[in-house]
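K.L.:
Before I ask anything, here is the structure I am working with.
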Amino acid sequence: MAFDQIIGHHRQRQKLMDAVKQNRLAHGYLFCGPPGVGAEALAIELACAVNCESGPGEPCGQCRHCRRIRALQHPDVHLLVPASSAPPPERSAGPPSRSRESPARGNAREERRQGLSSLLAGDPYVALPLGKNDILSVDDIRSLRRDASVKPYEGRKKVAIIVSADRMNTAAANALLKTLEEPPGNLMLVLTATRSRLLLPTILSRCQPVSLPRLPEAEVKAALTGRYDVEPDEAALLARRSEGRLAEALSAMSEGGLRLREEAFALLECTHDAPPLRLFEQVESLAAAHREEPAVEQILDHLLELYRDLFILSAAGEPSATGESSTLSSPERQIPLQALASGMNVLDIERGIAAIEEARRSIALNAHVQLALLVLVLRLRLNRGSTGSRETHSRAAPSHTPPATD
Ligand SMILES: [Zn+2]
C-alpha cells in the first residue's frame, strides 16, 4: 500500500520541508520516538522531498523518484534494516560452519533483511518483527560507506536511512561515527531509533534530533478508518489500545495479534485459579511458542491492559448499568474480568502491574524468558492470595508454628 501522507507529526514534517526548500539540511538526522509512531515513514518522506522532480520541497508522490523511493527501489536511497546473523533453523542442521560470516549465513541474513525491507516498502507504518539477534553490523555500515562514496546515480542527493540505529553494535557505531565526522558531500544520513540512550554520545551530538511523540488517539483512529478500512467502532478501540502507536494498532488487527491477546487472557485466568503445575505448563508452552521476544513483550503489554481493566472494574465496584465497557481495553471480556476483579483490591492490582513491568524490564535486559515469566505468574498468583483468600499463605506457613490451642 502506498502512503499518501504522513500521519500526525505536522510540525516536525513542516520544519524538515522548510529545511529542504531552503537548502539547509543537516548531514545527519535522528528521528527518535516510541516504536510504531512512523519514524521510517517520515524518513522516506524526507528522502522523497530531497529527490522529487518537482522539488526540492514538497514531494509530489507521482514522479519516478517519489514512486521508486516509496517502493524502496531507488538507487540513491539506501535503506539499512537490522537483520539476524543467526542461521535460520532449516539450515542449522548439518556440519557446523567454521567462519562467522559463512556464505550460508550471509545469504540468510540478506534474505531476512530483504524480507523486512519489503514489509516497509509495503507500508512504512508496519511494525517490524525485530528480535534480539537483529543487529546492524560493521559490514553493513561499511557497505553503506562504499555506496555513499559514489555520486548520486539519478537523484540529487544520496540518502541513507538507518532503521533502528540503536541496534548497532560497537564496531558498527564506530564505523558510522567516521562517516558522520567526514560526511561525503552528497550523503544525508537519517537514523531512526526508539532508544536513543543506547547510541554513542558522539553519534548523538553529530545528528540533528527530531523527536516524534506518540500520535493523538484521534489521528490513529482516522488513519485506521481512512487508510485501512477499519470499521469506526473497532478503529476507536484499536486506537485507544495502541496508546498513540499506529504500528501497534496494525499488528493487533492481524491474526497473530488477536492470538496474543487470547494468550494474555489465558495467562491471567491461569494466575487466578489454576494449580501451580498447570501454571508452569502454561508458561512453558508460551515460552516455547514464542522464541522471539517481541511476541512475549506484546503478551505482557496485553496483560498490562487487562490489569488496567481490572483496576477500572475494581474501582467502580458493583457492575453499573451505564457500564465501564466504554473505557475498557477489552470490553468484550467485561463479565469474566468483573468476576476476577471482585476478588481483588486496588493494592493487589498495583502490585500486579509492578510485577508485569519488572518482567518486561528483565526480558528486555536479556533475562531467560521462561524463568522471567514463571517468576511473574508466581508473583501474580501470590499477590492474589494476599488479600483475597488467606488459604495459600497459611498452607505455606512453616510447620514449626505451634498448634492452636482450644
Ligand atoms: Zn516527486
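With our numbering, letter number 93 in the sequence shown gets 93, and the count goes up by one each step, no holes. All C-beta atoms in this analysis are idealised placements derived from N, C-alpha and C, irrespective of residue type, glycine included. Keep in mind it's a predicted model, so treat the numbers as computed, not measured.
Considering only C-alpha positions, which residue in the set 121, 84 and 119 is nearest to residue 107?
P.N.:
Here residue 107 refers to the residue found at position 107 when the sequence shown is read from its first residue. For residue 107, the nearest C-alpha among the options comes from 84.
K.L.:
Determine the direct distance from the alpha carbon of residue 148 to that of residue 240, and round the result to whole angstroms.
P.N.:
Translated into the one-based positions of the sequence shown, residue 240 becomes position 240. Translated into the one-based positions of the sequence shown, residue 148 becomes position 148. Roughly 42 angstroms separates the two Cα atoms.
K.L.:
Is it buried or exposed, residue 248, if we count other Cβ atoms within 10 angstroms and call 16 or more buried?
P.N.:
Along the sequence shown, one-based indexing puts residue 248 at 248. That one is buried.
K.L.:
By DSSP, does residue 409 sit in helix, in strand, or in coil?
P.N.:
The question about residue 409 has no answer, for the chain in this structure spans 1 to 406.
K.L.:
Using the Cβ count rule (16 or more neighbours within 10 Å means buried), how would you classify residue 406?
P.N.:
For the purposes of this step, residue 406 is taken as residue 406 along the sequence shown, with counting starting at 1. Note on residue 406: pLDDT 41, under 50, position unreliable in the model; the coordinate value appears next. Exposed, since its Cβ has fewer than 16 Cβ neighbours within 10 Å.
K.L.:
Assuming the contact rule is C-beta atoms closer than 8 angstroms, residue 37 and residue 227 should be a hit. Round their C-beta distance to whole Å, please.
P.N.:
As a working mapping, residue 37 is identified with position 37 in the sequence shown. As a working mapping, residue 227 is identified with position 227 in the sequence shown. Going by Cβ atoms, the distance from residue 37 to residue 227 rounds to 15 angstroms, so no, they are not a contact pair.
K.L.:
Between the Cα of residue 340 and the Cα atoms of 365, 273, 9 and 257, which residue gives the shortest distance?
P.N.:
Position 340 of the sequence shown, counted from the first residue, corresponds to residue 340. The shortest Cα separation from residue 340 among 365, 273, 9 and 257 belongs to 273.
K.L.:
Straight-line CA distance for residue 167 to residue 174?
P.N.:
Translated into positions along the sequence shown, residue 167 becomes position 167. Translated into positions along the sequence shown, residue 174 becomes position 174. Residue 167 and residue 174: Cα-Cα distance of roughly 13 angstroms.
K.L.:
What are the start and end residues of the alpha helix (DSSP H) that includes residue 210?
P.N.:
Residue 210 sits at position 210 when you count from the first residue of the sequence shown. Looking at the DSSP string, residue 210 is not in any alpha helix (DSSP H); the run it does join, the beta strand (DSSP E), is 208-211.
K.L.:
Consult DSSP for residue 186 and reduce its assignment to one of helix, strand or coil.
P.N.:
On the sequence shown, residue 186 is found 186 positions in, with the first residue counted as 1. Note: residue 186 maps to coil in three-state DSSP.
K.L.:
Residue 221 by DSSP, collapsed to three states: which one?
P.N.:
Mapped onto the sequence shown, residue 221 falls at position 221. Helix, per DSSP.
K.L.:
To the nearest angstrom, how far is the alpha carbon of residue 139 from that of residue 206?
P.N.:
Position 139 of the sequence shown, counting from 1, holds the residue named residue 139. Position 206 of the sequence shown, counting from 1, holds the residue named residue 206. Those two C-alpha atoms are separated by around 21 angstroms.
K.L.:
What are the boundary residues of the beta strand (DSSP E) that residue 365 is part of?
P.N.:
Here residue 365 is taken as the residue at index 365 of the sequence shown, counted from 1. That residue, residue 365, is in no beta strand (DSSP E); it is neither H nor E in DSSP.
K.L.:
Ignoring anything shorter than 4 residues, give me the alpha helix (DSSP H) runs that lie fully in the stretch 260-341, in order along the chain.
P.N.:
Listed in chain order, they are 276-289 and 293-316.
K.L.:
Let me know the secondary structure DSSP gives residue 5 once reduced to three states.
P.N.:
If you number the sequence shown from 1, residue 5 lands on position 5. Three-state DSSP puts residue 5 in coil, outside helix and strand.
K.L.:
Please name the residue or residues paired with residue 134 in a DSSP beta bridge.
P.N.:
Along the sequence shown, read from residue 1 onward, the residue named residue 134 stands at position 134. Its beta-bridge partners are 84.
K.L.:
Looking at C-alpha atoms only, which residue of 79, 375 and 60 is the closest neighbour of residue 48?
P.N.:
Here residue 48 corresponds to residue number 48 of the sequence shown, with the count starting at 1. Checking every option, the nearest Cα to that of residue 48 belongs to 60.
K.L.:
Hey, quick one: how far does the beta strand (DSSP E) through residue 26 stretch, first residue to last?
P.N.:
Within the sequence shown, the letter at position 26 stands for residue 26. No beta strand (DSSP E) holds residue 26; DSSP gives it neither H nor E.
K.L.:
Going by DSSP in three states, residue 193 sits in which element: helix, strand or coil?
P.N.:
Numbered from its first residue, the sequence shown carries residue 193 at position 193. Residue state, collapsed to three classes: strand.
K.L.:
Would you report the Cα separation of residue 222 and residue 20, rounded to the nearest angstrom?
P.N.:
Start at 1 with the first residue of the sequence shown, and residue 222 comes out as number 222. Start at 1 with the first residue of the sequence shown, and residue 20 comes out as number 20. Straight-line Cα distance between these residues: approximately 28 angstroms.
K.L.:
What's the C-alpha gap between residue 197 and residue 30?
P.N.:
Here residue 197 refers to the residue found at position 197 when the sequence shown is read from its first residue. Here residue 30 refers to the residue found at position 30 when the sequence shown is read from its first residue. Taking the straight line joining both Cα atoms gives about 12 angstroms.
K.L.:
How would you label residue 285, buried or exposed, when you count the other beta carbons within 10 angstroms and need 16 or more for buried?
P.N.:
Working through the sequence shown from its first residue, we reach residue 285 at position 285. Exposed, since its Cβ has fewer than 16 Cβ neighbours within 10 Å.
K.L.:
Does the distance from the CB of residue 238 to the CB of residue 224 come in under 8 angstroms?
P.N.:
For the purposes of this step, residue 238 is taken as the residue at position 238 of the sequence shown. For the purposes of this step, residue 224 is taken as the residue at position 224 of the sequence shown. Yes, Cβ-Cβ distance for residue 238 and residue 224 is below 8 angstroms.
K.L.:
Identify the continuous beta strand (DSSP E) that holds residue 178 and give its terminal residues.
P.N.:
Residue numbering aside, residue 178 sits at position 178 when the sequence shown is read from its first letter. Careful: residue 178 lies outside any beta strand (DSSP E), inside the alpha helix (DSSP H) at 170-181.
K.L.:
Note the first and the last residue of the continuous alpha helix (DSSP H) segment covering residue 150.
P.N.:
Numbered from 1 along the sequence shown, position 150 holds the residue referred to as residue 150. Unbroken run through residue 150: none, as it is neither H nor E.
K.L.:
Taking the alpha helix (DSSP H) that residue 50 belongs to, which residues open and close that run?
P.N.:
To locate residue 50, count along the sequence shown from 1; it is residue 50. Run containing residue 50: 39-51, per the alpha helix (DSSP H) assignment.
K.L.:
Tell me whether residue 53, by its Cβ, gets closer than 7 angstroms to a heavy atom of ligand 1.
P.N.:
Translated into positions along the sequence shown, residue 53 becomes position 53. Checking the Cβ of residue 53 against ligand 1 gives yes.
K.L.:
Do residue 305 and residue 329 have their CB atoms nearer than 8 angstroms?
P.N.:
Start at 1 with the first residue of the sequence shown, and residue 305 comes out as number 305. Start at 1 with the first residue of the sequence shown, and residue 329 comes out as number 329. It is a contact, given that the beta carbons lie within the stated cut-off.
K.L.:
Helix or strand or just coil, what does DSSP make of residue 158?
P.N.:
Counting from one through the sequence shown, the residue named residue 158 turns up at place 158. Residue 158 falls in the strand class under three-state DSSP.
K.L.:
What residues in its chain sit with their C-beta under 7 angstroms from that of residue 153, if we drop five residues either side in the sequence?
P.N.:
Your numbering for residue 153 matches position 153 in the sequence shown. Excluding sequence neighbours, residue 153 sits near 75 and 76.
K.L.:
Report the CB separation of residue 127 from residue 251 in whole angstroms; it is logged as a contact under 8 angstroms.
P.N.:
Position 127 of the sequence shown, counted from the start, is the residue given in the question as residue 127. Position 251 of the sequence shown, counted from the start, is the residue given in the question as residue 251. Confirmed, about 4 angstroms.
K.L.:
May I ask you to check if the CB of residue 232 is nearer than 7 angstroms to at least one heavy atom of ligand 1?
P.N.:
If you number the sequence shown from 1, residue 232 lands on position 232. For ligand 1, not one heavy atom lies less than 7 angstroms from the Cβ of residue 232.
K.L.:
How big is the Cα-Cα spacing for residue 301 and residue 188?
P.N.:
Numbered from 1 along the sequence shown, position 301 holds the residue referred to as residue 301. Numbered from 1 along the sequence shown, position 188 holds the residue referred to as residue 188. So the two alpha carbons sit approximately 36 angstroms from each other.
K.L.:
Can you tell me whether residue 81 is buried or exposed? The criterion is at least 16 other CB atoms within 10 Å of its CB, across all chains shown.
P.N.:
Within the sequence shown, the letter at position 81 stands for residue 81. Buried, by the Cβ-count rule.
K.L.:
Taking only heavy atoms of ligand 1 into account, decide whether any of them is closer than 7 angstroms to the Cβ of residue 61.
P.N.:
Residue 61 sits at position 61 when you count from the first residue of the sequence shown. Yes, since a heavy atom of ligand 1 falls inside the 7 angstroms radius drawn around the Cβ of residue 61.
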